[in-house]
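Mature numbering (1 follows the signal peptide of the UniProt record, and there is no 0) puts the sequence shown at residues -31 to -1, 1 to 504. Every residue gets a Cβ at the ideal spot worked out from N, C-alpha and C, and that includes glycine.
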Amino acid sequence: MESRQNWPVSSLSLLLLFNLLFIILVNSVSAADSSLTSVAAYTPPDSYLIDCGSPQDTKLDDGRTFKSDPASRSYLETSEEVQTSVDYISTVKAFSVSSSSLPLFRSARILTAVSKYTFYITRPGWHWVRFYFHPLPHPVYNLTRAVFSVTTDEFVLLHDFIVEDNSALVFKEYLFNVSSDRFSLLFKPKERSFAFINAIEVVSAPDGLISDSASTVPQGGTLNGLFQHAFEVCYRLNVGGPAITPMNDTLSRTWLPDFPYNVFPQGAQSASIIPSAVKYQQSGAAPYIAPSWVYATADEMAASETLQPNFNLTWQMNVDPGFSYLIRMHFCDVVSQALNDLYFNVYINSMMSVSGLDLSSINNALSTAYYADFVLNASSIRNGSVRVQVGPASGVQSGISNAILNGLEVIKISNSVRSLDGLFGLDRSGGGRTIMKTAAGVGLAMSVTAMLVLTIVCIRWQQRPQDWEKGNSFSSWHLPLRSGQSFFLNSKSSSRISSMFGSRKSKSGYSSYFSNQGLGRYFSFSELQNATQNF
């Protein structure tokens, strides 16, 4: 009987326990789903992955499979079949390369003449193009001596490219807005040279990855028309956190740690939250803009507790000074305890980009992903570097003086000749040589004119009369001007000019300026005697 009285209580306890476990399970699944959303949110319509020179497919640790050279041969137009491969890679120097991509550098295709890869595009729009270069040994071709250019149908990607260090791993990443159903990559070796390539990626990217406009630096302006450009990713940094491999990125990107570029690391300290706590708002950054792993970590000011810290967090990266750059900065407030507690300024190359940035007013929440794009004009590049700074805003009443940055991307923008490597357009002519070409054209025209005049003079010389030495016939062969028929000064024009300047005659009655027989003046014998003192 007692057990029956306790039975409802036990049942209620079990029911409460079950509900509690269910809530925990749902939250766990939700958190896991939130953290995985950034990895599995986008499936590219086009995905061409080629391990050039490899006899078999190559599967990477991040789950991607690159097709072998024979399986991808239909994409390539080339005149000769030359491949090389090694079993392993010795000590290397890697530039922006993920460790999971190392197998792609073990083989290469050598292109001894102009060659072209052509890919069919299922859905036009933004596409990644990624190249892998490593000069492997070959008994005939020294890949460290290869000099070549790579172009698309519209843009120059590489011009006279060379990898002289045989231990270097070079990774190049581009972004294009493809408008047709075919996309081509042309490899053109320099004269008496050749080209090579280890691996290629041509993969679709989300439509919203790049906006058509961005704020300019200094603040106040807007640049439109970014869709018409091509882009090259120069730096992609996970600020305050470790490297992020393609396995943990929405678009198979690699994010490198920021500390090699932190100018004053002693003034920075890392802050972080768990990735599942990062929130993506409908009007803010999407998971494909950057994964939650980027927004979950940040650098903040190490002296944030002081009332007036007198320094900025600073990152500096070397760039090609002849180009404009898209600077993308990622923010997520992982340091504040309450809203409206963090205000800071953003500077690019010592120019104000954002004054008093308040993430709370933008997101109305903490731990929420946000990004901002800025265009730095080529004329603002100083000493071949881009310098990004964040620091506390002055004159703002807030809890503490602090500043943060979660992620940073520096992206080169194609120039006026549609190139990402120098001033050379698709016709290999230099945009910087426009003045030289104009001057050369003018010089050529002048040379042709001079040759024509010289030819006419020579012909006239050959056709001169036998009595050319006599005074009355000299002018008749030297210039095509005859008495009464002169183009410039015939008898009629002579009389008009005489009336304009007045008529002056010599003692003999002839005009002292113009003869009515032609251009020259006729002197009387007595005048010649007086002028020469009877010589």
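Burial state of residue i (16 or more Cβ within 10 Å)
| i | result |
| --- | --- |
| T418 | exposed |
| L144 | buried |
| T424 | exposed |
| S363 | exposed |
| residue 507 | Outside the displayed span of the chain (-31 to 504) sits residue 507, for which this structure offers no information. |
| C21 | buried |
| E46 | exposed |
| F102 | buried |
| M321 | exposed |
| S495 | exposed |
| S477 | Reliability of the predicted coordinates at S477 is poor, the pLDDT of 43 falling under 50, and the value obtained from them is presented with this limitation in mind. Exposed is the call here. |
| S319 | exposed |
| V109 | exposed |
| P14 | exposed |
| P256 | buried |
Supposed close pair residue i, residue j - CB separation, criterion 8 Å
| i | j | result |
| --- | --- | --- |
| D268 | L282 | 6 Å |
| K141 | F100 | 4 Å |
| Y204 | V379 | 4 Å |
| L206 | L377 | 5 Å |
| R151 | I90 | 6 Å |
| F196 | K157 | Not really, about 27 Å apart at Cβ, beyond 8 Å. |
| V288 | I382 | Not quite, the Cβ-Cβ distance comes to about 11 Å (not below 8 Å), so this is no contact. |
Straight-line Cα distance separating residue j from residue i
| i | j | result |
| --- | --- | --- |
| V315 | P244 | 25 Å |
| D390 | V232 | 27 Å |
| S354 | N346 | 12 Å |
| L126 | S388 | 6 Å |
| F313 | V359 | 7 Å |
| L154 | D56 | 28 Å |
| V147 | A254 | 23 Å |
| P104 | L71 | 14 Å |
| N459 | L421 | With a pLDDT of only 45 at N459, under the threshold of 50, the placement of this residue in the model should not be trusted; the figure read from the coordinates follows. Rounded to the nearest angstrom, the two C-alpha atoms are 25 Å apart. |
| Y339 | Y264 | 9 Å |
| Y11 | E50 | 36 Å |
| T113 | I131 | 7 Å |
| V92 | I169 | Reading off the sequence, residue 92 comes out as Arg, not Val. So the alpha carbons of these two residues sit roughly 19 Å apart. |
| V139 | V61 | 10 Å |
| P361 | V323 | 11 Å |
| V357 | R33 | 34 Å |
| S329 | I213 | 27 Å |
| S84 | S48 | 7 Å |
| R161 | D396 | 19 Å |
| L29 | Q52 | 21 Å |
| L335 | I242 | 11 Å |
| L18 | Y44 | 11 Å |
| R222 | G189 | 32 Å |
| A259 | T219 | 7 Å |
| F200 | P39 | 30 Å |
| D31 | S67 | 10 Å |
| N135 | S65 | 17 Å |
N- and C-terminal bounds of the beta strand (DSSP E) containing residue i
| i | result |
| --- | --- |
| N193 | 191 to 193 |
| Y17 | 16 to 20 |
| W262 | W262 -> not in any beta strand (DSSP E); alpha helix (DSSP H) instead, spanning 261 to 264. |
| I380 | 376 to 382 |
| H128 | 125 to 130 |
| Q238 | 237 to 241 |
| G360 | 354 to 361 |
| F88 | 84 to 89 |
| R297 | 293 to 300 |
| T120 | 117 to 120 |
| L144 | 137 to 147 |
| W95 | 94 to 102 |
| K36 | Neither: K36 is in no beta strand (DSSP E) and is coded neither H nor E. |
| E201 | 200 to 207 |
| W284 | 282 to 287 |
| E49 | From DSSP, E49 is part of no beta strand (DSSP E); its letter is neither H nor E. |
| L154 | 151 to 158 |
Cβ-Cβ distance between residue i and residue j below 7 Å
| i | j | result |
| --- | --- | --- |
| W262 | A174 | no |
| F165 | I296 | no |
| S37 | S23 | yes |
| P211 | P229 | no |
| T191 | K248 | no |
| A183 | D327 | no |
| M270 | N371 | yes |
| F35 | V171 | no |
| H128 | F393 | yes |
| I317 | V186 | yes |
Extent of the continuous alpha helix (DSSP H) run through residue i
| i | result |
| --- | --- |
| N332 | 328 to 332 |
Residue i Cβ short of 6 Å to the ligand PLP heavy atom set
| i | result |
| --- | --- |
| L311 | Although the ligand PLP was asked about, the structure shown includes no ligands whatsoever. |
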